[in-house]
Structures are given as structure tokens and as C-alpha cells.
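Remarks on the structure that follows.
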Amino acid sequence: MEKERQIIHMDQDAFFVSVEIRKNPRLTGKPVIIGGGGDRGVVASCSYEARKYGIHSAMPGRTAKLLCPQAIFLKGDMEEYSKASHEITEIIADKVPLFEKASIDEHYIDMTGMDRFFGCMKFASELRQTIIKEMQLPISFGLSINKTVAKIATNESKPGGELQVTYPELRPFLDPLAIHKIPGIGHATYKKLSEMGVREILTLTQIPQQLMFKILGQHGLSLWQKANGIDLAPVVPYRERKSIGTQATFESDTMDMAKLKAIITGMVTGLTFQLRNQKKLTACITVTVRYTNFETVTQQERIPYTSLDSFLISKAHNLFEKVYSKRMLLRLVGVKLSHLVSGYEQIGLYNIAEEEYNLYQAMDKVRNHYGAEAVVKACIVTQPPRDEKGKIIKYNPRKKKMLIENISEEEPKEEQEVRKRSKIRSFMSEKGTTGTKSYD
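Numbering of the sequence shown is given in this note's numbering, commencing with residue 88 and proceeding in unit increments.
Okay, structure coming up:
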């Protein structure tokens, strides 16, 4: 039964800022902001002192400066934050039977059944003290019957707190809290519920499930269950090496650098699209090449957690230049992204404008609606056909339809498929390559 489960949620307190304070103790007690330093920068994280001024992550940097002119803005070092995250994960992995790395700075631990050997609250407290001692970083935790309540308990105990919510304490704990404390309630959902007069979790629990479904669909039912302390989601075992990848084998071996880099660009953009759809980040990129003599060489690099096209494309190109050491023809190239965790991009740390990240989101929306090839990088699209005068031949869907309808039944199936290809074609498909995707 769910009430017998023992789930711990551990979350670092202002993780990025804490790492900076560990490096420079003089920042202690000051309003520190990571990211957001440029005119178009975005706040990636901020100290609790800065939050008193109403500053929060994803806020434009210029707004944060107006709210707190004396704030200390730091560029941030995602590589250092990633390293600290891996070290914390190693400590947890060494001491618990089952855990899930939910993001760069939070973990779920399933201690169900272990309370017969020692108290779960005592164990969680000792684990927290171990992390603080070894890492010199603050951390809080919540212990309860499921992931949702444990996460809410953690947030209520912050900063530097410990809180257990047992099954009998469930309703007295949840009912008076504001609905935005429930994980999964964003600004739009909160606004819609507030307009209905629903501002506390107790009020939300009293709304019929059918009405919640009518208002918010399946998401509404999920929120209703969370408000009632119901969450059957398991703690998913963490696997450091899970990955996604793709590779392309050429029909004719090549050493055309422009073509090869264009193919790698297309691979990375496809993989990052998958990452963002799955709400995941990667911390390792691998590039593979296979020479015409079938010799296969790989090169990988640990990187800060990200899902940004531009950052990963640059890394992939650099790795390709390192791994392609022999000036021989290539028959295959591949890209793999590994060490995946759930999470969202900390855009303030990469010096990219808010508009650029909004562009990624807009492109993803178009791809989800019209297909993965609806929006692609210009460098991976073939040049449009031109007539004898050099003018671009405009795409005519009516002519294409007539052409498809006039395909002869005797025509080989392979040629029929070529004719039926979509208007938007990648560089890879046009230049005689076959691709495969892999998931680990």
C-alpha cells in the first residue's frame, strides 16, 4: 500500500549559488545571482537573500537589476556544477539501495521496507550530514509516502531543513498550503485555478474529478490526485549510462568535410529535439567515425548538462576534428548523447539571449505539429532546384500530386519511395546515406 512507502526527496539549496559560495566564502549572506548579467540575460539561479527581493530563476536579468541593484551577478560555471552533481550522486549511490536522479540537484530515494533495520528519518538525516560534510554544500530533504508529498515537504523545509510527513499527518500538512506548492502547477494553470477561487490545496481537493478533467484534461486529474496526496509513480532506478544516438552510413565513402559537418549538425539537432521533448539534459557527447577500411574510432567529452543545439553542435564539430585524424575516406559517422538526467535548460549560463531559447521552443512546437523535418538548419538542406536560367523552381504541390498519381505500377518500389519523399529533405537523405537511431 502507498501509505507503507518510505520515499526521501533530497534537494540542494540554491545549488549553483552554493557552489560559488564554497569557492568564494565572501559571498555568504549576499544577494547573488547566477546568469542574467547581459542586457538579454536570464537568471539561472539566485541566493535566498536575492529571493527576498522577488527575484527568481528564468527572470530577465534587467528586471532582477531593477529589483535589487546591489545584487552580485556571476557568469556561472556549468562544468563545475555538473562535477559537484556527479560527486553528490556517487555519495548517494554508495549508501542507498534504490535512487532516482530527478535533475542536476535533486534525488529521490526509495527506502520502503528498510525501516525494520533502522529508522528512515535517522538514515536520511545522517545521509544529509554526510553530503554536507564531504561536499561543503547545503541540502534539504523531505520524507513521506510518495514522491509528490516528499518533494513538497522538502520545499517547505528549505533552506537547510529536514521534514517528515507520515500518513496520518498528510491532510493537516497539505490542506493549508497554496496550490502553487504542488509540482506541475505552472503560471497559466495557477492563474486559471485562482480565477475559479481555488487558491489552497484543501479547496482543490473538494472539486469533483469530472470538473477538473473538463477544465484541465488529464493534467487536471493528475493535479487532483496530487492535491489528495496520491502519487503511485515509482522511484526509477538511476542509470548513469543511458543515452540516445544516431549514425549514418554512406552509400559512397567520402571525405567531404563540409558534407560531414553538415550531417553531424543534422544529427545533433535531431537528438536535442528528442532531449527537449523528453525534458532531459545530457552531460556527455560522443562522436564516432568509421574509415573505409572499417576501422572505428570514437571520441567523447564530459560537458555541462545541456540540451542546446548551438552548444552541442560546436562540441560535436570539435570532437569530429579530433577523431578524424587519418585523411582517409569515411563510410560512417555517428553522434551519441549520454549521461542523461531529467531537467530543464539553465539558459542564463550559456550567454544566449532569452529570444534564442524561445526560438528553440517555437521550432520544437512546429516540429511536433508538422514533423521533425519541418524546421531544419539551413546547412543540412539541399539547394533548391533551378531552371536553365538559374532561377529557383518553385514548389508546386499540385504538380507533385499529379506526379505521384502517374507513377507506374511496374516502377520499382524503391523508386516510388524516392518520388514520394516530402518536400523538406535533409542533406543526409539527399547525399546517399542511411541512418539509424539507437537508445540505451
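By construction, the Cβ of each residue, glycine as well, lies at the ideal position given by its N, Cα and C atoms.
query: How big is the Cα-Cα spacing for V106 and D262?
result: Residue numbering aside, residue 106 sits at position 19 when the sequence shown is read from its first letter. Residue numbering aside, residue 262 sits at position 175 when the sequence shown is read from its first letter. Distance between the alpha carbons of V106 and D262: 35 Å.
When we look at the beta-carbon of V285 and count the other beta-carbons within 10 Å, is it buried (16 or more) or exposed? Indexing the sequence shown from 1 puts residue 285 at position 198. With 16 or more Cβ atoms within 10 Å of its Cβ, V285 is classed as buried.
#### Entry: Residue of G316, Q93, S339 minimising C-alpha distance to L291
One-based indexing of the sequence shown puts residue 291 at position 204. For L291, the nearest C-alpha among the options comes from G316.
With C-beta atoms as the reference, is Q50 less than 8 Å away from L230? The question about residue 50 has no answer here: the residues shown for the chain are numbered 88 through 527.
query: Just reading off the alpha helix (DSSP H) that R389 is part of, what are its end residues?
result: Stepping through the sequence shown from its first residue, residue 389 is reached at position 302. No alpha helix (DSSP H) holds R389; the beta strand (DSSP E) holding it covers 383-393.
Starting from the C-beta of L289, find all residues in its chain whose C-beta is less than 6 Å away, skip the five residues before and the five after it, and write them out in chain order.
Working through the sequence shown from its first residue, we reach residue 289 at position 202. Closer than 6 Å at Cβ, skipping near neighbours: D262.
According to the Cβ coordinates, are A370 and I351 closer than 8 Å? Taking the first residue of the sequence shown as 1, we reach residue 370 at position 283. Taking the first residue of the sequence shown as 1, we reach residue 351 at position 264. No, Cβ-Cβ distance for A370 and I351 is not below 8 Å.
Between E496 and the rest of its own chain, which residues show a CB-CB distance below 8 Å, the 5 nearest in sequence each way excluded? For the purposes of this step, residue 496 is taken as residue 409 along the sequence shown, with counting starting at 1. In this prediction, E496 has a pLDDT of 48, which is less than 50 and means its spatial position is unreliable; nothing more can be read from the coordinates.
Quiz item: Could you give the residue range of the beta strand (DSSP E) that holds S132?
Solution: Reading the sequence shown from its first residue, position 45 is the one you call residue 132. Residues 130-133.
Check: Is it the case that the Cβ atoms of R414 and R377 are separated by a distance below 8 Å?
Finding: What you label residue 414 is simply residue 327 of the sequence shown in a count that begins at 1. What you label residue 377 is simply residue 290 of the sequence shown in a count that begins at 1. It is not a contact, given that the beta carbons lie outside the stated cut-off.
| query | How big is the Cα-Cα spacing for T241 and V453? | reply | Residue mapping note: residue 241 aligns to position 154 of the sequence shown, counting from 1. Residue mapping note: residue 453 aligns to position 366 of the sequence shown, counting from 1. Those two C-alpha atoms are separated by around 37 Å.
Worksheet entry | Nearest candidate by alpha-carbon position, reference I372, set K366, Y392, D197 | Taking the first residue of the sequence shown as 1, we reach residue 372 at position 285. Nearest of K366, Y392, D197 to I372, Cα basis: Y392.
Q: Identify which residue in T356, E249, D340, S309 has its Cα closest to the Cα of G332.
A: For the purposes of this step, residue 332 is taken as residue 245 along the sequence shown, with counting starting at 1. Among T356, E249, D340, S309, the Cα nearest to that of G332 belongs to T356.
query: Who are R377's beta bridge partners in DSSP?
result: The residue you call residue 377 lines up with position 290 of the sequence shown. R377 is bridged to T383, L419.
How many Å lie between R506 and E475 at the Cα? The residue you call residue 506 lines up with position 419 of the sequence shown. The residue you call residue 475 lines up with position 388 of the sequence shown. Note on R506: pLDDT 42, under 50, position unreliable in the model; the coordinate value appears next. Approximately 22 Å, taken between the alpha carbons.
field: Straight-line gap, K409 to K367 (C-alpha atoms, nearest Å)
entry: Translated into the one-based positions of the sequence shown, residue 409 becomes position 322. Translated into the one-based positions of the sequence shown, residue 367 becomes position 280. The alpha-carbon atoms of K409 and K367 are separated by roughly 27 Å.
Query raised in the report: To which residues of the same chain is L257 closer than 6 Å at the C-beta, ignoring the five residues directly before and after it?
Result: In the sequence shown, the residue the question calls residue 257 occupies position 170. Excluding sequence neighbours, L257 sits near G316.
For I142 and I120, believed in contact at Cβ under 8 Å, the rounded distance = As a first step, residue 120 is located in the sequence shown; it is residue number 33 there, counting from the start. As a first step, residue 142 is located in the sequence shown; it is residue number 55 there, counting from the start. With 8 Å as the limit, I120 and I142 qualify as a contact, their Cβ atoms being about 7 Å apart.
### Task
Can you give me the Cβ contacts of G519 inside the same chain, cut-off strictly under 7 Å, excluding the 5 residues immediately before and after it?
Along the sequence shown, one-based indexing puts residue 519 at 432. Only weak support exists for where G519 lies, its pLDDT of 45 falling under 50; the value from the coordinates is given anyway. Hits under 7 Å: F337, E338, S339.
*asked:* Please state the DSSP three-state secondary structure of A145.
replied: Indexing the sequence shown from 1 puts residue 145 at position 58. A145 falls in the coil class under three-state DSSP.
Residues near E167 in its chain [Cβ-Cβ closer than 7 Å; skip 5 each side]: As a position in the sequence shown, residue 167 is number 80, starting the count at 1. Contacts found: V106.
Of the choices C207, L114, Q99, L161, whose alpha-carbon is the least far from that of I226? Numbered from 1 along the sequence shown, position 139 holds the residue referred to as residue 226. The candidate whose alpha carbon is nearest that of I226 is Q99.
Original post:
Which of the three DSSP states, helix, strand or coil, is assigned to L161?
Top reply: Residue numbering aside, residue 161 sits at position 74 when the sequence shown is read from its first letter. Here L161 sits in strand by DSSP.
Handout entry: Close Cβ partners of S309 (< 8 Å) along its chain, the five nearest in sequence each way excluded
Key = Here residue 309 corresponds to residue number 222 of the sequence shown, with the count starting at 1. Answer for S309: G271, listed in chain order.
Could you check whether C133 and S144 sit closer than 8 Å to each other, using their CB atoms as the reference points? The sequence position of residue 144 within the sequence shown is 57, counting from 1. The sequence position of residue 133 within the sequence shown is 46, counting from 1. Closer than 8 Å, so yes.
Exercise. Over the uninterrupted beta strand (DSSP E) stretch that includes M97, give me the two end residues.
Key: The sequence position of residue 97 within the sequence shown is 10, counting from 1. Unbroken beta strand (DSSP E) run through M97: 94-99.
Can the beta-carbon of E382 be found less than 8 Å from the beta-carbon of L406? Locating residue 382 in the sequence shown gives position 295, where the first residue counts as 1. Locating residue 406 in the sequence shown gives position 319, where the first residue counts as 1. It is not a contact, given that the beta carbons lie outside the stated cut-off.
Can you give me the C-alpha to C-alpha distance between Q293 and G353, rounded to a whole angstrom? Position 206 of the sequence shown holds residue 293. Position 266 of the sequence shown holds residue 353. C-alpha separation (whole angstroms): 50 Å.
In the DSSP assignment, find the unbroken alpha helix (DSSP H) run with E221 in it and report its ends.
-> Taking the first residue of the sequence shown as 1, we reach residue 221 at position 134. It spans 207-222 - the alpha helix (DSSP H) in which E221 sits, taken as one unbroken run.
request  = Taking 8 Å as the cut-off, decide whether the C-beta atoms of I191 and I218 are in contact.
outcome  = Here residue 191 refers to the residue found at position 104 of the sequence shown. Here residue 218 refers to the residue found at position 131 of the sequence shown. Cβ atoms of I191 and I218: not closer than 8 Å.
**Item:** Environment of T375 [buried if 16+ CB atoms lie within 10 Å]
**Value:** Translated into positions along the sequence shown, residue 375 becomes position 288. Its Cβ being crowded by 16 or more others within 10 Å, T375 is buried.
8 Å contact criterion, which A335 and V420 should meet: CB distance rounded:
In the sequence shown, the residue the question calls residue 335 occupies position 248. In the sequence shown, the residue the question calls residue 420 occupies position 333. Correct: roughly 6 Å between the Cβ atoms.
Q: Answer with buried or exposed for M283, where buried requires no fewer than 16 other C-beta atoms within 10 angstroms of its C-beta.
A: On the sequence shown, position 196 is the one that residue 283 refers to. Under this definition M283 is an exposed residue.
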